[in-house]
Structures are given as structure tokens and as C-alpha cells.
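Numbering (mature numbering (1 follows the signal peptide of the UniProt record, and there is no 0)), first residue to last: -22 to -1, 1 to 1100. Idealized CB from N, CA, C, for every residue including glycine. Computed from a predicted model, the values in this text were never measured in an experiment.
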């Protein structure tokens, strides 16, 4: 068998240990007992020693109750399923259980044994003590032969057996409620008619040797308990709720008090009886009684009540008094198997109340253990005794609903901590499923763990064992393996070793079996030593131990190759597994084993010690098969390691470092770093610019590469072993190599981390010698993300395995970033001048751009003249779309962009609903037609002709329309993306001159000059513009009128004065001439009228009419003359 195969086998043994050594109950060799089908064999189980100090396997029996077993030969044939108690030998045979004869009476007019549930409860007093077995449904009758059965009362009864399972001579049958009649002399459920005594029973460990019975039926199922002193035969019924004048009942009806019982010393000066009432208050309660003695007077007092917390949790279904923390005070455990918490996924609970020597043990539990949903965890509880021999009793808790009703039993170790009681996590879980899977049984077990009982050594190996009952007519006994306390050590033959094979006392010659080549190897030995002790000391066997040694553990755990190996030249053999046989503990001798270890010939880490560890445990072996013929297997051949004692050992060997007698190297590594750039002259230059705070300033655009010049020294100190430099880069920088390296006694190499390319690790030499110096330039390559940052930081950190305080400090190297940019913008119109004229056209009549006026275009040219690309370039455009009153000015139709930037990112965000609501389409042919030319205007030709738009006459002049003035502009942005070096982008804006607006608003104005504007912007804060950059430009177009009104001439004041005087003189002369010719003499009116005396009478009517007209004329003249 090869070395590899041996180690593989040992590895399998060691890895299997973790599965089997969780606890010392051996589940691979269970003793399984079967009872009659349908008898509920296993509903109760009890371990029993016939004698107090049993030393023979024949004095050990397993007692199992079967409450629905059919009538046996010792019962009358008319008894139907009266139940039975079975005793089973501790043997591999599953069918050797026998019925214990208890009662041979049959059904009569005075009693009914049928369905009495004999065996539903089986309880032992102590090792070699009495046994109680009860039939809580036993029925008493009354009647005559003539009249037949008149009444029946389900009183219940218990049988007391001696340790040899014979009837007790004191009193074999106990019927506590017999004779407890109602006031009217009968039995009824209001009193003791449904007593069901024996639903629980317990023996008290006191001078009176009390036996206590639980009776859940009295007083409308309120329940009761009573106690008998077996040495005095005294009867103490507890009927605290039977008084008719009671105004308050501490325990309500239907509580089932007495369903479970336990006895011990919890509080007070006397013995305590603890009774569970799992249906009280719909949650369950536990009542603690004290048997008080005053002289000859004895009584039971209700001392304390503990209450459940969850509805229908059945708090008090089982109660046990066990010292779980080893302080010699009894503690209380209460099962609540129907506890349910949906959110936390809990099902079943066990409440632990630690006895701290106070007057009361409650009301708050010290700890609560929880099971899984539907597991009925807490259905049964038992003391295992000190199964791991640590001084505290351990417990077993049944969970018969676990695994969909198959069942399980949880094992918990006692905990000596006062506020703990037991450890929270189970050390072992016994599963019914394992019995089926291992082939131990050939049927599906149900409700495994319905009953549990422990505390006695059933195979007489010095360790207590565990019995488990079920509802599958099956009981199982699990035996404990012996526990060994192993002390192991690991040592090396040297404390310090030199790695140079020349002149080394630890050097050997080794010839390769494959190549025949001889090697000089440095070696030393590691030694493994072990011995064991055990409790009890009766275990005195040889013990096989397996171990696993690992070399150079610290390096191996970090993925580094170990510096030592168990196999010459094979540096992957950093561990070894083996086994040794320990002497019996009575010999008190160490067992040791030596193994050679070989050093690698290329050790780099000379400073850290070579650490070695060893793990050891009992190897797992197949257990022999137990049969009825072979008998029981001795567990002395398969002990288990005590997990409370460490099963590890370690050793350490230092490497000689030539650092003085103390072997401690003290280094003095110092580092300086500064940024440099490789320029066009292929030389590395320091950054010449500084930022506002004195930080270096990196101007992007002129450099070929970026670098970090690093200088490291180790002056006036000892060697720096495993000296390394860690450089952490920002994500947009990548390490590409080293340049210009100057070093003395040092070899430098840098690599990037496989998983993190931003992490550069540089090895500076091993060692970096005293008074050595190193200068290097770390070359860095950047991507486009560098153009978007205002600064970045590179982190550096020096490491060495030598001693140097504060060396682990991280140094941050910050640099400001500016992108050098030279951007120019200029523009020009498609035509300098256009004319307007003709007739006004309404907006509704415009169907194509030519209907509105002439085409114009403004073009802007943007160029990057700098040495670096400029990202996120924008152009903000202001376009004269309207005049002040909202009429169209330059109606924008579309924009055209040519010469796109990097990644074709150019686009203009034009608000088309504002600029082109008429959805006019550009006509390329109309763009190429000639525009109207400017004509000469001679202002001396005369007044302009009257326009068809009206008679508006304005003085001929010029106007300017800008966005900052009378024009109403629309503003939008064009994104150019990244503008590469020497890249040009053209933006052309095509529009039409709205002719009607100029005819209506600017008729007669000689020239209207209209401007657009464009401004370059960069959406980055790290841009540094050159002084020659032009970032804003305006383009204009002149609009000329076809009809011009010459401007009015100004007249001087002197001319006005002379003309006025001349006018006055002329008026005077005219007046004098008119006066000379009598123009101002007046003639009377009637002097001009003719005289007609002869015809006066005939013309009277006519004269009146004439006079009327004259009167009217006179009146009218007088009005306008006023």
C-alpha cells in the first residue's frame, strides 16, 4: 500500500469522526424491543436495576408499558385489553420481552379491568428500588346479581412492585379515590367519580418515602394530587377546590391538574410536589406544592403557580426535576409540546427554571428550548445523568412529531453557568429515520420519542444509557460509549534553523529515487506524543488515536506554498495523517512518534516562523454486528474523545535571519513619490504646475504617458525582509510597466492582482538590504474616464515582515487634473443682404417657405485646435425667431450638422413646436435661386410711391435686431459630444425672412440688421481654455427695403425768424391796399333794395319769404364769425 493510499484512508477516518463524535450515545448499535401489535408497547419506558449495585447483566431489565395489550393467561378471559407491563432483557434479541404478572382478577360486579390502560405509566423509585405501574381507567362498580350493575366510577389504580417485580408486601394495589364519595353517597364527575388516579405517579426522595399520584379527573376535570407515605401508610388527599363556599378558584375546571408529576426540593424547607395542568386557562399551568410538617400535623400547601404563555401550548404536559447545572440544587423543566410560533417557525418548547435558592423559582424561566414546527418537542423529558462526565446532569427531550411523525429525541448537555442551565444547541439528535435507513427495523417508526427514560447504566460500562419509546409497539435502548480525555503535544527538534544548507548541521544528502540526482536538504523532526485518562477509571483499555499534522499553517491558510514539507522535493506535501495506539490509562505512559520535515530551497519569507498544528481524535471504525448468539458488543473498543478538552496542539520553528542575537530585524523603509509625465522629447518631467492648495496639477493634452516616480531607502537599519510596495490605482489608470529603475542591492518586479487590476504589488527584494536605495518610475496608462475627473489619488503602502512601527500607514498621492483645450467658433451668413417688398401675405396663405419670403442661412464652425480631445462639448444658439410683438422674423425651418464628433454624438435639440409650427419643408432648389440685390437709392428723386399696405410714411433709416434688444429669440442647444483634436463641426441654420412682417412693421426703413448668436460650452469643470480660444460668435443678415423715404432737412432758427418777419410785413401792405380802395366800408342793407309801391300788396307773401331767408343768413354768419 502506497504512502498516498495510507493517508487517504486516514483522511476518511478523520473526516468521519465529526459525524460520530457529536455525543457518546452510539446510534449504530441500538437494542430494539418489539411488543404485541396494537398494544401501544412503548408508550411508557423505564430502566430498572433489580439490585442497587447491579454488577450482572441479568440484574438489568427494560420495563415497557403496553396499555392496550390483550388479556394474558393470568387475566380472566372476559377482560378486554386490560394492558400489561413487559420486562425485556438487555440483549440483541428483539422478541425476548415477557409480561410481568400483576393482577389475575377478572371483571366482576365490583370492578372492570377492560381498557383500564395498565402500563400507561411506569415509574421507578431508584436503582434497586420499587416500581409503580398504573391503570388510570380502572373502573369500580356497584350492583347486585339480581339488579346487575347500578353504577360505575373510573377511579384508576396503581400497583406497587418490589425491585424483583413482585407485589409489594406493604400494599400492592393503590386506589386513591376509592371511597371518596359525593355528599349524597355516590360517585360523580363533580367530585371523584372520574378520578383517573395514576395518570401520573412519582416517588419522592425523602424520609417519608412518599408516593404521589396525579388525578386529572376530579371536580369537573379540575384535577388533584394525593400523597401516601409508604413507610407510614398515610393518606393525604388534595381537594383544595371542593369547598362549596370557595369564592375564587386558583385552578379552573378542565385544567387536568395531575396530568404530570415530579418531586424534589425547589423552594421552602420541605419536599415539593410539582403538578402539571396542561389545559388550565387554555395555555396550561404548573402548580408547585410543599408538603409541610408541623409536629405530627402534615399538609400540602400550594406554594407557587407557573403559567404558560401561548394559547393551547399544553404547558405542563410533562414536568421533571433535574439538577442540570451541577450546583446540587434541583431545577425544574416544563414541557409545552403544542407551543407554536409561525413567524419564528417553532413548534414545541421546554421551559427551564434554574433554582437559585430563592423563595420562588418563577415566574420567569431561565431559558426556553424550542423545537421545529409540528415536532411536539417537549412531549417527554428525562434526566440522562451525567452522560459526558462533566459534573452536570444531561437531558433528553422527545419530539414524537418530528419528520412528519416519525419522531426524534434531542440530547442536551447540562451547563454549569448559573444563568444557562443547559446548552442551547443539542449535542446529538436521535432520529427514527436512521433506524429504518440503517436496516435496524423493516417498518416505518411512528412517534419515536413519545416516552424517554435515562439515568441508569444498562450495559454496566460505567456510563448511563437512554431508553426511547414510541407508538409503534417498539422500544429502543441507546448505550453510551466510554469517554477518554486525551492530552496531545507537538514539538520540533530545533527552535531555530538556518536555511543555507552549506555548513549546516541540519543538512542531509538525499538521492532522488526517480532521477538519481543527489540533493542537499535542510531537515528537522517533529514529534507527536499522547496519553489519556478516563472517568470512571474502570475503563483501562488501549486506545487508537488518529492525528493530522499541518505545516506552515499561516501561509497555507492564505493560499501560499508552505516552506516545509514531509516529502523530499515535493512541496505540496504540507500535511500528514497518521495513527498511534495509546497505552491503558493505568500505565500513565506517553506514546510518541517522530517524522522528518524538509525545508524548501527557495524560501522567500525568512522572517515569519514556521508554525505547525496537529488535530487528533478517535478514528471511526465499523462496529461489529450484534446477534442473539453473539451477545452484546463491548463499547470499550470504541471510546469517544471528550470534546471539553482541546484536541489540538501546535509547535513553532524560527528561521535564522542574521539580524542579531534577538533574531528580530528592525528596518527603516522610507518612501517618496511624485507624479511625472513623458513628453514628446521622450523624457520624464516633473509636473511644473501647482493647484490652489499646492497640489500638483496634471495638464492633459501634452503628455505621452503618466508616471509615478517612487524612491525607497532603508538607511541605518537592519534588512527589510519580504519588502513589498502596494499601489492602489483609480479605475481609469492601468499599470503598464516600470521605467528608469535605479537600485542598489535590490531587484524589483511589479505585477497586478488577478482579481483586482487596480492593485499593483511590487516586490522590492528579500531582503531589502540595509543602506539600499531604489528609484523607479511606475508607468501608467489612462482611458477616457480621466478627462471627466477633477482630481485623482493613488495610494501607496510599504510592507515588510521585519519590525518597523507605523509602517502599515497608507499614503495618499493627490493630483489635480485639467484638460487643456483651445476651441474656436466663427460664423457667416449664406447671403449678406436681402430685400423685402411686394404685398402682405397672411400666415394661413403660406404653404411653402417661398410664400413667406426669401431663404437665408447662418453657419457656425467649431474647431478644436488644442492638443487633447475635449469631452461633452455643447453649443448654445440664440436664433431671432420673432420681433417684439410676436410676429415672425427669421422663421427657422431646420438645422444641419456636418463633421460629427467622436462616437457620432452630435445632435441639436430644436423646439420645433416653437420654431416651425407650420411644418414648412425646406426646398433645396429655392435655396440655390439668386436673392434680390441691393439697388442704389437716390433720395433727391422725390417722395416714395405709395405702398399697397397703406399710407405709412416713415423717415428712411436703419435698425438692429438682437436677442438682447428688440428681437425675441428662441434658445436651444447642440451637443457635439467629444471634440477630437483638429476636429471641425459645422452647424447650419436654415430660415426664411418673413416678408409680411417687414412690410407691416418696417416699411420705409432702409436697412434692418438681424443677428443670431452661438456660444461654446463644455460640461466639465476640469477644462482649462487657451487664451486664444474664441467661445462666442454672432452672425448677421441685413434686410433692405425696396421703397425708401428720404430723410427731412433741418431748418435753422434764423431762417425761421426772417421768414416770419417777412410774412408780417407783407400782411400789413395788403391790409393798407385794401383799406385804400374802400374794402372795409360798410353799406346798409336796405339801400340796395328796389322800391315797388304800386305792387306792394300783391307781393306780401313773397317778401315774407325773402325776409325769412335773409334772417337765416344773418344768423348763420354771426355763428361761424364768432
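Would you call residue i buried or exposed, if buried means 16 or more other Cβ atoms sit within 10 Å of its Cβ?
i, result
"residue 594", "buried"
"residue 455", "buried"
"residue 26", "buried"
"residue 163", "exposed"
"residue 949", "exposed"
"residue 342", "exposed"
"residue 361", "buried"
"residue 115", "buried"
"residue 359", "buried"
"residue 859", "buried"
"residue 391", "buried"
"residue 1101", "Residue 1101 is absent from the structure shown; the chain starts at -22 and stops at 1100."
"residue 1109", "Past the boundaries of the shown model lies residue 1109; the chain is included only from -22 to 1100, so the question cannot be answered."
"residue 624", "exposed"
"residue 357", "buried"
"residue 514", "exposed"
"residue 1089", "In this predicted model, residue 1089 has a pLDDT of only 40, less than 50, meaning its place in the structure is not dependable; the value taken from the coordinates is given anyway. The residue is exposed, with fewer than 16 neighbouring Cβ atoms inside 10 Å."
Rounded to whole angstroms, how far is the Cβ of residue i from the Cβ of residue j, which I believe are closer than 8 angstroms?
i, j, result
"residue 789", "residue 698", "That belief does not hold up - the Cβ atoms of residue 789 and residue 698 are roughly 17 angstroms apart, past 8 angstroms."
"residue 814", "residue 976", "4 angstroms"
"residue 953", "residue 838", "In fact, because the Cβ distance is near 14 angstroms, the residues do not count as touching under 8 angstroms."
"residue 809", "residue 1015", "7 angstroms"
"residue 679", "residue 654", "With a Cβ gap of about 16 angstroms, residue 679 and residue 654 do not count as contacting."
"residue 834", "residue 1035", "At roughly 52 angstroms, the Cβ-Cβ gap does not stay under 8 angstroms, so residue 834 and residue 1035 are not in contact."
Considering just the uninterrupted stretch of the alpha helix (DSSP H) at residue i, what are its terminal residues?
i, result
"residue 12", "Run containing residue 12: none in the alpha helix (DSSP H); it sits in the beta strand (DSSP E), 3 to 12."
"residue 533", "531 to 535"
"residue 447", "Residue 447 -> not in any alpha helix (DSSP H); beta strand (DSSP E) instead, spanning 444 to 447."
"residue 849", "That residue, residue 849, is in no alpha helix (DSSP H); its beta strand (DSSP E) goes 848 to 860."
"residue 1131", "Absent from the model: residue 1131. The displayed extent of the chain is -22 to 1100, so no value can be given."
"residue 1048", "1031 to 1054"
"residue 828", "827 to 830"
"residue 196", "196 to 199"
"residue 893", "890 to 893"
Leaving aside the five residues before and after residue i along the sequence, list all residues of the same chain whose C-beta is less than 6 angstroms from its C-beta, in chain order.
i, result
"residue 725", "743"
"residue 295", "256, 313 and 315"
"residue 730", "713 and 738"
"residue 394", "303, 304 and 370"
"residue 352", "325 and 379"
"residue 350", "325"
"residue 913", "Because the pLDDT of residue 913 is 35, which lies under 50, any placement of that residue in the model is unreliable, and the question is left without a value."
Within the continuous beta strand (DSSP E) that includes residue i, where are the two ends?
i, result
"residue 314", "309 to 319"
"residue 43", "38 to 44"
"residue 974", "Looking at the DSSP string, residue 974 is not in any beta strand (DSSP E); the run it does join, the alpha helix (DSSP H), is 973 to 979."
"residue 652", "647 to 656"
"residue 251", "250 to 255"
"residue 589", "588 to 595"
"residue 268", "263 to 272"
Below 7 angstroms CB to CB, which residues in the same chain sit around residue i once its five sequence neighbours on both sides are set aside?
i, result
"residue 836", "805, 807, 967, 990 and 1013"
"residue 940", "989"
With a threshold of 8 angstroms on Cβ separation, who are the neighbours of residue i within its own chain once the five nearest residues in sequence on each side are excluded?
i, result
"residue 179", "99, 101, 110, 112, 136, 189, 190, 191, 192 and 239"
Notebook entry, point to check: Are three or more beta carbon pairs between the stretch 624 to 640 and the stretch 653 to 668 nearer than 8 angstroms?
Noted result: no
Margin query: For the pair the stretch 135 to 145 and the stretch 105 to 119, tell me if three or more CB-CB distances fall below 8 angstroms.
Written below: yes
Note to self: Closer than 8 angstroms is the cut-off here; do at least three beta carbon pairs connect the stretch 455 to 469 with the stretch 414 to 430?
What the structure shows: no
Margin query: Under 8 angstroms, with one C-beta from each stretch per pair, do the stretch 780 to 799 and the stretch 852 to 871 reach the 3-pair mark?
Written below: no
Margin query: Check whether the stretch 192 to 203 and the stretch 161 to 175 are in contact - that is, three or more C-beta pairs closer than 8 angstroms.
Written below: yes
Next item on the list: May I ask you to verify whether the stretch 229 to 242 touches the stretch 258 to 265, counting CB pairs closer than 8 angstroms and requiring at least 3?
Entry: yes
Check: Taking three-plus beta-carbon pairs below 8 angstroms as touching, is the stretch 376 to 386 in contact with the stretch 330 to 341?
Finding: no
Margin query: Within 8 angstroms, do at least three Cβ pairs link the stretch 521 to 539 to the stretch 582 to 597?
Written below: yes
Next item on the list: Answer yes if the stretch 605 to 621 comes into contact with the stretch 491 to 505, meaning at least three C-beta pairs across the two stretches below 8 angstroms, and no otherwise.
Entry: no
Margin query: Taking contact to mean 3 or more Cβ pairs, one atom from each stretch, closer than 8 angstroms, check whether the stretch 29 to 38 and the stretch 400 to 418 are in contact.
Written below: no
Next item on the list: Answer yes if the stretch 639 to 653 comes into contact with the stretch 686 to 693, meaning at least three C-beta pairs across the two stretches below 8 angstroms, and no otherwise.
Entry: yes
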